[in-house]
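Notes to accompany the following structure.
Number of protein chains: 2
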Amino acid sequence: MPDQTSHNPPEPGTAEAPAELRADARRNRERVLEAAREVFAARGVDAPMSAVARRAAVGVATLYRRFPTRSALVTAAFEDQLAVCATAFEEAMADPDPGHGLYTLLEKVCTTLVTDRGFETVFMAGFPEALDYDRERACAEERLAHLVQRARDAGQLREDFDPADIPLLLLAVSGLAAQPPDTALPAARRLLTYLFQSFQAHPPSRPGPLPPAPALDLSGLHRPPAAPLAAATAGEAAAGTDRGPRPRRPARSAGR
Amino acid sequence: MPDQTSHNPPEPGTAEAPAELRADARRNRERVLEAAREVFAARGVDAPMSAVARRAAVGVATLYRRFPTRSALVTAAFEDQLAVCATAFEEAMADPDPGHGLYTLLEKVCTTLVTDRGFETVFMAGFPEALDYDRERACAEERLAHLVQRARDAGQLREDFDPADIPLLLLAVSGLAAQPPDTALPAARRLLTYLFQSFQAHPPSRPGPLPPAPALDLSGLHRPPAAPLAAATAGEAAAGTDRGPRPRRPARSAGR
DNA sequence: GGGCAAGTGGAGGGTGTCGTCCACTTAGGG
DNA sequence: CCCTAAGTGGACGACACCCTCCACTTGCCC
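Those sequence lines, one after another, are chains A and B. Each position in the first sequence, counted from 1, maps to that position plus 47 in the numbering used here. Each position in the second sequence, counted from 1, maps to that position plus 47 in the numbering used here.
Shown next as structure tokens:
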């Protein structure tokens with residue numbers, strides 16, 4: 048077999064965003080990622096792969112070739128979302144007021160958590176197959192502990208506050224993610240406020256005001272309705288075996 | 048077809064706990080319920096019906112005849128668990144100290160919530176098909192509001208506390224249910240304490256002590272491992288299509 | 001103890017998802 | 001413009017689960 052004649056060899060570590068892809072392939076890859084984000088956000092990361100493919104207006108094969116396992120897809124899809132978190136983290140660390148920084152950070156993360164079901168799963172459960180996650184997490188954890196320590200030193204967190212209370216809080220908020228985002232979001236805010244008031248080192252004798260309580264009554268609760276993903280553009284009737292909106296393809300004769 | 052000759056006709060409303068069942072049938076029904084509780088607790092209410100049947104050492108047909116739909120089974124399986132809640136409710140209402148009553152009630156409910164995955168689903172999401180649930184819920188909600196009102200009047204809850212904060216709290220705690228029970232339980236306790244301190248009308252300048260923080264770090268989180276249900280008695284190797292322990296039958300020649 | 005309605009187990013058809021395979025299309029360098 | 005390797009879509013076998021159907025067994029009343 049002749050060695051590859053043209054094209055520079057794929058440098059190691061390019062597995063992330065393979066630049067050595069034909070133009071159309073790269074386009075499709077992007078399209079799949081976008082579709083995945085949408086579908087996962089609405090239906091959770093357990094949504095059928097075919098739904099993602101459908102939405103991307105792409106065959107399943109294409110999807111599987113680019114992302115051999117579900118978790119590869121999930122990882123790739125939420126990569127930048129996690130990057131945003133990392134940025135928020137940086138900002139929190141840089142904030143001269145550690146308490147304020149921490150609060151802002153958590154509010155940001157919680158907002159995403161409660162808005163995007165896919166992200167919620169990824170963030171909370173992680174995908175063990177995605178190796179970097181663990182590393183990233185460990186690092187994050189360390190820096191988090193530092194942030195907490197700083198806030199505590201500044202007298203903004205009670206003495207018995209534990210860094211592990213942050214995951215506790217996140218887990219609690221993620222419990223709200225089962226609600227539709229428009230109730231979950233105010234609910235999360237209110238919960239956060241309650242908790243932060245409790246985290247104070249020296250609570251004022253009259254606690255601060257609360258954001259409004261969402262109409263969140265148990266009898267109205269449903270299993271998250273697996274929102275069918277408001278059809279993006281076209282309005283063709285759904286067909287085929289699994290439900291979901293149909294693709295709109297920017298006019299391109301493909302296939303046999 | 049001749050009308051039923053013997054046996055008194057089934058009085059209406061007997062659908063709940065049919066006494067007009069042959070002895071063996073009643074036995075089996077009970078066995079199925081027990082199996083369902085175990086399986087649902089460990090694997091969640093979405094566990095395959097065949098797993099329940101297997102554990103009950105009963106054919107699927109038996110299960111389906113007795114409980115035509117999944118939610119019928121779920122409803123029946125958690126009936127008494129819900130009754131326990133109702134009792135706790137009564138106790139809370141009867142408690143001369145409304146704040147204490149409320150706290151005790153919530154701690155009880157949260158404990159169950161966090162210990163039993165099946166109950167968590169049922170309690171939070173309800174099974175819309177189970178009509179009584181809604182009724183029961185509405186009633187519960189009303190009494191809950193009353194309990195809250197009483198505590199607030201007694202100066203034990205802050206003015207801006209809303210009855211809807213109870214579902215909020217429950218939802219939050221249910222977020223912890225994704226953890227294995229032995230971490231989830233202390234986590235729930237700590238979360239509850241934080242929240243209750245925040246609910247106080249007149250927080251002391253030095254907040255009360257917290258229960259210990261569980262080692263709950265994000266990097267170690269897994270999707271609940273769908274615990275394979277510690278085999279109850281016998282130890283035969285699993286076989287057949289779906290995993291799970293094999294039944295132990297108290298020696299009884301049945302079937303072909 | 002005998003008869004029969006009530007009860008039983010498991011086979012099997014239906015459905016939905018996964019992931020692969022292959023005949024065909026197309027980008028893009030020469 | 002042409003050729004070929006890279007890329008593509010959808011059919012398809014495997015699999016898990018759902019739920020029904022039916023030949024057979026068994027409790028229970030006489």
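Ideal placement from N, C-alpha and C gives every residue a C-beta, glycine not left out. Given the structure is predicted, the values throughout are model-derived calculations rather than measurements.
Beta-carbon within less than 7 angstroms of residue i's beta-carbon, same chain only, minus the 5 sequence neighbours each way: which residues are those?
i: Ala123/A; result: Leu80 and Phe114
i: Asp163/B; result: Ala88
i: Phe243/B; result: Tyr150
i: Val169/A; result: Val92, Val121 and Phe125
I want to see whether chain B comes within less than 7 angstroms of residue i, judged by CB atoms only; does it?
i: Ala18/A; result: In the structure as shown, chain A starts at 48 and stops at 303, and residue 18/A therefore has no counterpart that could be examined.
i: Gly222/A; result: yes
i: Ala89/A; result: no
i: Leu238/A; result: yes
i: Leu191/A; result: no
i: Phe136/A; result: no
i: Ala124/A; result: no
i: Glu67/A; result: no
Quick check on the DSSP output: the alpha helix (DSSP H) that includes residue i runs from which residue to which?
i: Val79/A; result: Ala70 to Arg90
i: Pro228/A; result: Pro228 to Phe246
i: Gly148/A; result: Pro145 to Thr162
i: Ala201/A; result: That residue, Ala201/A, is in no alpha helix (DSSP H); it is neither H nor E in DSSP.
i: Leu215/B; result: Asp212 to Leu223
i: Arg30/B; result: What is shown of chain B runs 48 to 303, which leaves residue 30/B out entirely.
i: Phe136/B; result: Glu126 to Ala141
i: Arg101/B; result: Met96 to Ala103
Go through its chain and collect everything with a Cβ distance to residue i's Cβ below 6 angstroms, but skip five positions before and after it.
i: Gly148/B; result: Ala139 and Asp142
i: Gly1/B; result: One cannot answer for residue 1/B here, as it falls past the ends of chain B, which runs 48 to 303.
i: Arg78/B; result: Ala103
i: Met171/A; result: Ser221
For residue i and chain A, any beta-carbon pair shorter than 7 angstroms?
i: Tyr241/B; result: yes
i: Gln244/B; result: yes
i: Pro250/B; result: yes
i: Leu263/B; result: yes
i: Leu120/B; result: no
i: Leu257/B; result: yes
i: Ala37/B; result: Nothing about residue 37/B can be read from this structure; chain B reaches only from 48 to 303.
i: Val92/B; result: no
Confirm, please, whether the CB-CB distance from residue j to residue i is below 7 angstroms.
i: Ala248/B; j: Leu194/B; result: no
i: Ser245/B; j: Tyr241/A; result: yes
i: Gly136/B; j: Phe166/B; result: First, the amino acid is wrong: residue 136/B is Phe here, not Gly. Taking 7 angstroms as the Cβ cut-off, Phe136/B and Phe166/B do not qualify as a contacting pair.
i: Ala219/B; j: Gly222/A; result: yes
i: Asp209/B; j: Ala260/A; result: yes
i: Asp207/B; j: Leu232/A; result: no
i: Ala100/B; j: Leu110/B; result: yes
i: Asn75/A; j: Val105/A; result: yes
i: Glu215/A; j: Leu238/B; result: Here residue 215/A is Leu; the residue named in the question, Glu, does not match the sequence. Yes, these two residues count as a Cβ contact at 7 angstroms.
i: Pro250/A; j: Pro250/B; result: yes
Heavy atom of the ligand FMN less than 6 angstroms from the Cβ of residue i, yes or no?
i: Phe246/B; result: Here there are no bound small molecules, and the ligand FMN is not part of this structure.
Identify, in the order they occur along the chain, each residue of the same chain with its Cβ nearer than 8 angstroms to the Cβ of residue i, setting aside the five sequence neighbours on each side.
i: Thr230/B; result: Pro261, Ala262 and Leu263
i: Arg117/A; result: Val92 and Met96
Taking Cβ-Cβ distances below 9 angstroms as the criterion, which residues of the segment 193–220 of chain A are in contact with chain B?
Answer in chain order: Arg205, Asp207, Phe208, Asp209, Pro210, Ala211, Asp212, Ile213, Pro214, Leu215, Leu216, Leu217, Leu218, Ala219 and Val220.
Residues of the segment 139–153 of chain B whose Cβ lies closer than 8 angstroms to any Cβ of chain A, in chain order:
Close to chain A, meaning a Cβ-Cβ distance shorter than 8 angstroms, is no residue of the segment 139–153 of chain B at all.
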